[in-house]
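In full-length UniProt numbering, the protein residues as written are 1 to 474. No residue lacks a Cβ here, since even glycine has one placed at the ideal position from N, Cα and C. Have a look at the structure below, then the notes.
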């Protein structure tokens, strides 16, 4: 299987393969590895038909920039006339009447969409165990989770089910699975990519992200799907740089890089991850770059702030799923109030209900000022403090996760807090609305993959992608 889009384009131009042959290979791999539980739906015939059309376009000399790229969509990104379920019984049978802007832009450049991938229900989770379709297995070690909520999207790329996946990242849902599967996970600046057609979890955090085998492929996809969109009032009007042509340029000056002392030097950080992170830091220093430890006084507030705000927004966003207009409706004969209660109780899974209840609590009249309002103020402080650091340094470097992938079923209802603590290193960029990327950084002693995360200032994706590609090659 090809691991880079440049290799696919070369093979297509030399007549060594066709788009149809590529799709056939991916479909065979999907069937072979169906026990990993990656796909909620595979578009077998449709993908082959689309591939045949792309092959003809290549012959005619008018193919798009993504001709030959086979893409999977996380089951929260709309594709017209296809199922869209957010891996939840609440949306069982729902067919999207329109495509997400990101989906349309992929198709316009002749990418082939091969199917929709499982995820934690409504993108709420860090393990991909919360799907109504059952847990997804990590292809590197099938007894372990692939991360979440875009775990299946990461496994699909890592295990050669497709070349690229589009996921969503609210608090690390693209970056953490990338670390657990040895792939690249890119979360751009909030508003860089239109959210039109993305099922909402927490609207002021949600970002469509890219999972790929390498930084250049992620850069190309970002370049194509980013940019202004009349359908999304929150999307940025900033022009989109040519990420794909500049990504392989090496730094032309010595860089100044920060790492947060409390994260990289923490006694709670996995020993192998710590050693791999410091090894990369030493390589940067050997190249003449300045790498300094800094303190981040708001570190202890990251997770509480994130969970207060995201659950509040989730409570509001998921209010629309009521069993009346579309989606799951209880079969019990009840009155209107009973219809709402039974439909939502039966349609939502435990983790979604847990977050709705917490969000409703922090938004209630008695606790709004004590929790939600204060969390908003702390979020502003986190953003301002981080941007100040990035005005003095080019990048912030940190591990993507505090530990490698954990065993399926390790965290039950009695130790969920420990699971949530695993999001500490990824929620930082999400709270500040900043771009971040996770790149592979070797393996631990058991062969489990490790990720290294780079964070940059707003709309500095081009610089971040260049540095990440350079850093991965060191």
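Neighbourhood of residue i by C-beta distance below 7 Å, restricted to the same chain and skipping five residues each side
i, result
"residue 483", "Outside the shown range of the chain (1 to 474) lies residue 483, about which nothing can therefore be said."
"residue 355", "124, 311, 314"
"residue 416", "none"
Inter-residue Cα distance where the pair is residue i and residue j
i, j, result
"residue 26", "residue 6", "17 Å"
"residue 403", "residue 24", "36 Å"
"residue 56", "residue 191", "35 Å"
"residue 233", "residue 100", "14 Å"
"residue 181", "residue 450", "8 Å"
"residue 426", "residue 259", "14 Å"
"residue 276", "residue 397", "13 Å"
"residue 329", "residue 316", "20 Å"
"residue 326", "residue 395", "45 Å"
Classification of residue i by the beta-carbon crowding that lies within 10 angstroms, buried from 16 upward
i, result
"residue 460", "buried"
"residue 297", "exposed"
"residue 475", "As displayed, the chain neither begins before 1 nor continues past 474, which places residue 475 out of reach and without an answer."
"residue 142", "exposed"
"residue 103", "buried"
"residue 285", "exposed"
"residue 68", "buried"
"residue 357", "exposed"
"residue 324", "exposed"
"residue 399", "buried"
"residue 62", "exposed"
"residue 304", "exposed"
Short Cβ contact (7 Å threshold) for residue i with residue j
i, j, result
"residue 83", "residue 41", "yes"
"residue 423", "residue 118", "no"
"residue 111", "residue 166", "no"
"residue 382", "residue 336", "no"
"residue 219", "residue 183", "no"
"residue 194", "residue 235", "yes"
"residue 171", "residue 211", "no"
"residue 72", "residue 134", "no"
"residue 434", "residue 455", "yes"
"residue 261", "residue 393", "no"
"residue 249", "residue 85", "no"
"residue 452", "residue 441", "yes"
"residue 462", "residue 241", "yes"
"residue 98", "residue 74", "no"
6 Å CB neighbourhood of residue i in its chain, flanking five on each side removed
i, result
"residue 224", "105, 109"
"residue 362", "308, 312, 371, 372"
"residue 154", "146, 177, 178, 181, 183, 211"
Unbroken alpha helix (DSSP H) run spanning residue i, endpoints
i, result
"residue 447", "Per DSSP, residue 447 belongs to no alpha helix (DSSP H) and is neither H nor E."
"residue 398", "Unbroken run through residue 398 is the beta strand (DSSP E), 395-399; no alpha helix (DSSP H)."
"residue 116", "Taken as a continuous stretch (DSSP letters only), residue 116 belongs to no alpha helix (DSSP H), being part of the beta strand (DSSP E) at 112-117."
"residue 44", "44-60"
Extent of the continuous beta strand (DSSP E) run through residue i
i, result
"residue 347", "Element bounds for residue 347: not the beta strand (DSSP E) but the alpha helix (DSSP H), 336-347."
"residue 187", "184-187"
"residue 90", "Segment: none, residue 90 is in no beta strand (DSSP E) and carries neither H nor E."
"residue 410", "First-last for residue 410: undefined, no H or E at that position."
"residue 168", "164-169"
"residue 383", "Note, residue 383: premise wrong, no beta strand (DSSP E); alpha helix (DSSP H) at 374-392."
Residue i at chain B interface by Cβ criterion, 7 Å
i, result
"residue 259", "Judged by its chain identifiers, the structure shown contains no chain B, having just a single protein chain."
Chain-order list of residues whose beta-carbon lies under 8 Å from that of residue i (same chain, five-residue window excluded)
i, result
"residue 21", "none"
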